[in-house]
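The structure appears right after this line, and notes come after that.
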Amino acid sequence: MPDYENASSFTISIIVANRAGAPSRITGLFSKRGYNIDTLTVGPMAEDSKFSRLILTSTGDEATKTQIIKQLRKLFDVVEAKTI
5 MPDYENASSF
15 TISIIVANRA
25 GAPSRITGLF
35 SKRGYNIDTL
45 TVGPMAEDSK
55 FSRLILTSTG
65 DEATKTQIIK
75 QLRKLFDVVE
85 AKTI
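Following the working numbering, the numbering of the sequence shown begins with 5 at its first residue and continues without gaps.
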């Protein structure tokens with residue numbers, strides 16, 4: 005759970021394989037860990053239709069943000085995850 009005294013909003017860009025269930029696995033990770041998704045936008049990448057980009061915002065401290073990125077990178081369909 006985030007440390008709300010030191011919490012701030014952050015945005016994450018995630019590139020995933022364009023497969024059924026990929027966004028669900030990402031939102032499931034947040035749900036299981038007790039993280040909140042403030043906004044979520046998903047769309048196909050113009051450069052390559054095999055991939056989609058998810059842009060999401062969440063709130064937490066620096067440790068929470070780092071942990072989320074590490075956990076996202078472990079998911080099978082995730083090609084890239086970074087803060088923007």
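Note that beta-carbon positions come from the ideal geometry of N, C-alpha and C, so glycine has one too.
Taking every protein chain shown into account, the CB of Lys-74 has fewer than 16 other CB atoms within 10 angstroms, so this residue is exposed. For Ile-73, the uninterrupted alpha helix (DSSP H) segment begins and ends at 66-78.
For Ala-21, the secondary structure class from DSSP, reduced to helix, strand or coil, is strand. With respect to the C-alpha of Gly-25, the residue from Glu-9, Asp-81 and Lys-86 having the closest C-alpha is Asp-81. Taking one beta carbon from each stretch, the segment 62-69 and the segment 46-54 have fewer than 3 pairs nearer than 8 Å; the two do not touch.
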